[in-house]
Amino acid sequence: MERLNQESVKRIDEIVARHKGEPGPAIVMLHEVQDALGYIPYEAMSAIAGATGTSVADIYGIVNFYAQFTTEPKGKHVVNVCLGTACYVKGAQHLIETARELTGAEINHTSKDGMFSLDATRCLGACGLAPVVVIDGEVIGSATIDKITQRINEIKASEQSSGAAIS
Ligand code: FES
C-alpha cells in the first residue's frame with residue numbers, strides 16, 4: 471500500500487481529534503476526510519475505528535454503504551455515464567464500455583495514471599437527453615460513441631501537450 475503523505479496524515483489526525491467523543495462521530499469524520507482528501511484512505515478508516523472504538527471492518531461497511539464515499543482518489547478528469555433506464559435502453563452500456571477502453575479506468579474506478587475516473591451513475595434527471603454522459607461537468611446529451619470518443623481524445627491530447635504522462 472502506498473504511504474500517505476504527511477499533510478494527509480495530519481489532516482486525518484486533526485479531523486479525528488476534533489470529533490472524538492461526540493455522539494455518532496464516525497460519519498462526520500468520514501464526511502470531513504472525504505471533503506479534505508477527495509477520498510477515504512485505509513489510514514483514515516483505521517484512525518476513525520481507533521477513535522470510535524469500532525473495527526475497521528465496521529467503518530469500511532459505512533464507507534461502502536454511502537455512495538458519496540470513495541476509497542480511491544478521483545482522477546484528474548471524471549467521466550460519468552448514466553446507466554438509468556432511459557439511458558440504458560438507448561445504449562449507455564456501449565458508451566461506458568467505450569469510455570472504459572479510452573480512459574483505461576475500470577467502471578467506478580480511477581485509471582492507473584490517475585488521469586480519469588469512470589463512474590456509472592443512476593438517472594441524472596435528464597432522461598429527455600438520453601443517453602447522457604457528463605465529462606468534467608459538461609453534459610453531453612444524445613451521447614454517441616463518436617461524441618464521447620472525440621471529447622475524451624481532446625482531453626488526452628491537451629494533457630499530452632501540457633506534458634502530463636498518459637499511458
Ligand atoms: S436515465 Fe439517464 S438521465 Fe435519466
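Counting from 471, one number per residue, gives the positions in the sequence shown under our numbering.
Beta carbons: idealized from backbone N, C-alpha and C, even for Gly.
Just so it is clear, the structure is predicted and the values come from calculations on it, not from any experiment.
Can you name the residues that DSSP bridges to residue i?
i, result
"residue 571", "DSSP, once it has assigned bridges, lists no residue as partnering residue 571."
"residue 547", "586"
"residue 513", "Bridge partners of residue 513: none, in fact."
"residue 552", "591"
"residue 604", "550, 609"
"residue 580", "587"
Given this structure, state the Cα-to-Cα distance separating residue i from residue j, to the nearest angstrom.
i, j, result
"residue 487", "residue 537", "25 Å"
"residue 479", "residue 583", "23 Å"
"residue 471", "residue 557", "Interpretation of residue 471 is limited by its pLDDT of 48, a score under 50 that renders its predicted location unreliable; no figure is taken from the coordinates."
"residue 589", "residue 490", "33 Å"
"residue 614", "residue 535", "32 Å"
"residue 523", "residue 630", "47 Å"
"residue 477", "residue 578", "26 Å"
"residue 518", "residue 547", "29 Å"
"residue 625", "residue 515", "34 Å"
"residue 575", "residue 587", "6 Å"
"residue 608", "residue 585", "17 Å"
Between which two residues does the alpha helix (DSSP H) holding residue i run?
i, result
"residue 500", "495 to 507"
"residue 538", "Here residue 538 belongs to no alpha helix (DSSP H), and DSSP marks it neither H nor E."
"residue 619", "615 to 631"
"residue 477", "476 to 489"
Using a threshold of 9 Å, state whether the C-beta atoms of residue i and residue j are closer than that.
i, j, result
"residue 485", "residue 511", "no"
"residue 592", "residue 561", "no"
"residue 550", "residue 594", "yes"
"residue 618", "residue 568", "yes"
"residue 601", "residue 552", "yes"
"residue 580", "residue 543", "yes"
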